[in-house]
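Only one structure is covered here, and it is reproduced in the block below.
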């Protein structure tokens with residue numbers, strides 16, 4: 001999350017949120033005092049006052065100062081905090097479309113700067129100058145402290161756990177769950193949106209015993225979002241590192257916490273850190289298949305399928321995991337007998353759905369009947385003369 005600075009201009013901002021109507025009011029002794037107090041409630045907030053609020057947020061460490069943010073960007077090479085859509089000069093200079101997304105604009109600017117020649121013919125030497133120009137156009141930029149951001153994400157998770165579920169990022173890797181929720185709430189507050197709207201629980205979800213359990217779930221979601229972002233960019237090495245980290249965290253949990261999460265009802269298990277981390281490990285097995293590391297992928301799939309403690313957290317994906325395991329053993333490792341044995345175990349798995357068992361049965365038929373298929377014999381073409 002990021003807040004850009006507001007320049008000191010004569011422009012004013014009017015607070016029109018209905019949420020301000022419920023704030024406490026002071027008693028008035030006369031009608032004139034009440035009228036004065038009502039006029040004070042409608043007072044315009046100037047840009048100078050907003051800047052003072054930002055400075056107070058900086059002093060309380062809620063926001064990260066521009067100097068610290070620049071140091072982090074130089075150390076990590078992170079340019080994601082630069083909102084290039086706020087730099088029309090750069091966009092016009094590089095002949096880019098303003099309607100493109102933030103990630104696409106950053107990628108396009110990087111590719112554009114890497115392809116340009118410098119004064120002496122060097123390639124990629126205008127990147128620093130372009131970044132300086134963008135920062136000059138933007139002014140000072142601020143970013144919310146990560147600890148504060150995680151606290152708000154935890155509150156959002158308690159408020160609407162379904163809208164903040166990281167599984168939504170699988171189909172849309174660029175989706176920002178917190179930003180979408182805040183935008184929807186803003187539109188609802190303005191009366192512009194009635195449906196679709198967030199689906200808050202009638203009762204606050206109460207499956208977390210402590211703040212640590214809730215933050216562990218939020219951290220697991222952040223890890224899956226990071227993993228899916230790397231997958232969407234074809235950064236398989238970084239995605240594997242995220243999956244490996246998820247497996248280490250999953251193995252470090254105590255048996256007591258694992259059994260407590262497994263004892264929850266099926267709809268509530270997906271809101272635990274175990275379900276998210278198990279899904280991250282499954283993503284890691286897919287990453288290993290893309291890297292053609294089939295032996296390691298098989299070990300990861302067997303870890304998910306044959307660890308009894310993880311069985312309650314991957315019930316919907318066990319059929320697909322058994323099928324991928326049999327495919328890797330048969331097609332890539334040439335272990336036909338082992339593939340048939342794994343299919344047999346998958347058919348005996350009581351959690352696997354009937355449709356997945358039918359898929360495993362079809363694969364077993366294809367594997368067992370391979371030696372009995374007829375070979376296609378191509379006949380020599382016969383030359384035909386029409387004379």
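Residue numbers (UniProt numbering): 1 to 387.
Yeah, the Cβ is synthetic: ideal placement off N, Cα and C, and Gly gets one too.
Item to check | Per-residue DSSP class, three states only, for residue 153 | outcome: Numbered from its first residue, the chain shown carries residue 153 at position 153. Helix, per DSSP.
Item to check | Selection from 59, 379 and 305 that minimises the alpha carbon distance to residue 321 | outcome: The sequence position of residue 321 within the chain shown is 321, counting from 1. The residue with the shortest Cα to Cα distance from residue 321 is 305.
Next on the checklist: I'd like the list of long-range same chain contacts for residue 287, defined as Cβ closer than 8 Å, with 5 residues on each side in sequence excluded.
Outcome noted: Locating residue 287 in the chain shown gives position 287, counting from the first residue. Excluding positions up to five away in sequence, the list reads 231, 236, 239, 240 and 243.
Checklist entry - Can you tell me whether DSSP reads residue 64 as helix, strand or coil? => result Numbered from its first residue, the chain shown carries residue 64 at position 64. The answer is strand: DSSP assigns residue 64 an E or B state.
Checklist entry - So is residue 363 buried or exposed if we call it buried at 16+ other beta carbons inside 10 Å? => result Taking the first residue of the chain shown as 1, we reach residue 363 at position 363. It is buried - the Cβ of residue 363 has at least 16 other Cβ atoms within 10 Å.
Checklist entry - Where does the unbroken alpha helix (DSSP H) through residue 142 begin, and where does it stop? => result Taking the first residue of the chain shown as position 1, residue 142 is located at position 142. Looking at the DSSP string, residue 142 is not in any alpha helix (DSSP H); the run it does join, the beta strand (DSSP E), is 141-144.
Item to check | For residue 301 and residue 280, the rounded distance between their alpha carbons | outcome: For this step, residue 280 is matched to residue 280 along the chain shown. For this step, residue 301 is matched to residue 301 along the chain shown. Approximately 12 Å, taken between the alpha carbons.
Next on the checklist: Assuming the contact rule is C-beta atoms closer than 8 Å, residue 264 and residue 245 should be a hit. Round their C-beta distance to whole Å, please.
Outcome noted: The residue you call residue 264 lines up with position 264 of the chain shown. The residue you call residue 245 lines up with position 245 of the chain shown. With 8 Å as the limit, residue 264 and residue 245 do not qualify as a contact, their Cβ atoms being about 24 Å apart.
Next on the checklist: Check this for me: beta carbons of residue 177 and residue 164, under 8 Å apart or not?
Outcome noted: Locating residue 177 in the chain shown gives position 177, where the first residue counts as 1. Locating residue 164 in the chain shown gives position 164, where the first residue counts as 1. Yes, these two residues count as a Cβ contact at 8 Å.
Next on the checklist: Going by DSSP in three states, residue 132 sits in which element: helix, strand or coil?
Outcome noted: Looking up residue 132 in the chain shown gives position 132. DSSP places residue 132 in helix when its eight states are reduced to three.
Checklist entry - Do residue 293 and residue 351 have their C-beta atoms within less than 8 Å of each other? => result To locate residue 293, count along the chain shown from 1; it is residue 293. To locate residue 351, count along the chain shown from 1; it is residue 351. Taking 8 Å as the Cβ cut-off, residue 293 and residue 351 do not qualify as a contacting pair.
Next on the checklist: Counting C-beta neighbours from all protein chains within 10 Å, is the total for residue 143 16 or more, i.e. buried, or is it exposed?
Outcome noted: Taking the first residue of the chain shown as 1, we reach residue 143 at position 143. That one is buried.
Next on the checklist: Here's the rule: buried if 16 or more other CB atoms are within 10 angstroms of the residue's CB, otherwise exposed. What is residue 128?
Outcome noted: Position 128 of the chain shown holds residue 128. Exposed, because fewer than 16 other Cβ atoms sit within 10 Å of the Cβ of residue 128.
Item to check | Whole runs of the beta strand (DSSP E) within the UniProt domain "Fanconi-associated nuclease 1-like TPR" (213-367), excluding any shorter than 3 residues | outcome: none
Next on the checklist: For a quick check, are the C-beta atoms of residue 326 and residue 348 less than 8 Å apart?
Outcome noted: By 1-based counting over the chain shown, the position of residue 326 is 326. By 1-based counting over the chain shown, the position of residue 348 is 348. No, the pair does not count as a contact, with Cβ atoms beyond the cut-off.
Item to check | Spatial distance of residue 150 from residue 218 (CA atoms) | outcome: Your numbering for residue 150 matches position 150 in the chain shown. Your numbering for residue 218 matches position 218 in the chain shown. About 7 Å.
Item to check | residue 117 in three-state terms, based on DSSP | outcome: Locating residue 117 in the chain shown gives position 117, counting from the first residue. Here residue 117 sits in strand by DSSP.
Item to check | Residue burial classification, residue 354 (beta-carbon count within 10 angstroms, cutoff 16) | outcome: Here residue 354 corresponds to residue number 354 of the chain shown, with the count starting at 1. Counting Cβ neighbours within 10 Å, residue 354 comes out exposed, since fewer than 16 surround it.
Checklist entry - What is the DSSP secondary structure of residue 159, reduced to helix, strand or coil? => result Position 159 of the chain shown, counted from the start, is the residue given in the question as residue 159. Three-state DSSP puts residue 159 in a helix.
Next on the checklist: Taking only three categories from DSSP, how would you classify residue 209?
Outcome noted: The sequence position of residue 209 within the chain shown is 209, counting from 1. Residue 209: coil per DSSP, three-state reduction.
Next on the checklist: So, for residue 55: in the same chain, excluding its five sequence neighbours on each side, which residues have a beta-carbon less than 8 Å away from its beta-carbon?
Outcome noted: For the purposes of this step, residue 55 is taken as residue 55 along the chain shown, with counting starting at 1. Hits under 8 Å: none found.
Checklist entry - On the three-state DSSP scale, how would you describe residue 188? => result Start at 1 with the first residue of the chain shown, and residue 188 comes out as number 188. Residue 188: helix per DSSP, three-state reduction.
Checklist entry - Roughly how many whole angstroms lie between the Cα atoms of residue 383 and residue 234? => result For the purposes of this step, residue 383 is identified with residue 383 of the chain shown, where counting begins at 1. For the purposes of this step, residue 234 is identified with residue 234 of the chain shown, where counting begins at 1. For residue 383 and residue 234, the distance between alpha carbons rounds to 51 Å.
Checklist entry - Anyone know if the C-beta pair for residue 266 and residue 319 falls short of 8 Å? => result Position 266 of the chain shown, counting from 1, holds the residue named residue 266. Position 319 of the chain shown, counting from 1, holds the residue named residue 319. No, the pair does not count as a contact, with Cβ atoms beyond the cut-off.
Checklist entry - In or out: residue 346 buried (at least 16 other Cβ within 10 Å) or exposed? => result On the chain shown, residue 346 is found 346 positions in, with the first residue counted as 1. Classification for residue 346: buried.
Checklist entry - Taking the alpha-carbon positions, what's the residue 297 to residue 156 distance? => result Looking up residue 297 in the chain shown gives position 297. Looking up residue 156 in the chain shown gives position 156. Cα-Cα distance, rounded: 35 Å.
Next on the checklist: Give me, in chain order, the residues of the same chain whose beta-carbon lies closer than 7 Å to that of residue 261; leave out the 5 immediate sequence neighbours on both sides.
Outcome noted: As a working note, residue 261 is residue 261 in the chain shown. So the qualifying residues of the chain are 269, 272 and 274.
Next on the checklist: Rounded to the nearest angstrom, what separates residue 132 and residue 126 at their Cα positions?
Outcome noted: To locate residue 132, count along the chain shown from 1; it is residue 132. To locate residue 126, count along the chain shown from 1; it is residue 126. When rounded, the distance between both Cα atoms is 10 Å.
Next on the checklist: Please classify residue 183 as buried or exposed, where buried requires at least 16 neighbouring CB atoms within 10 angstroms.
Outcome noted: Position 183 of the chain shown holds residue 183. By the neighbour-count rule (16 or more Cβ atoms within 10 Å), residue 183 is not buried but exposed.
Item to check | Own chain residues within Cβ distance below 7 Å of residue 61, not counting five before or after | outcome: Stepping through the chain shown from its first residue, residue 61 is reached at position 61. 145.
Checklist entry - On the premise that residue 303 lies in contact with residue 278, defined as a C-beta separation below 8 Å, what is that separation, rounded to the nearest angstrom? => result For the purposes of this step, residue 278 is taken as residue 278 along the chain shown, with counting starting at 1. For the purposes of this step, residue 303 is taken as residue 303 along the chain shown, with counting starting at 1. Not a contact, Cβ separation roughly 10 Å.
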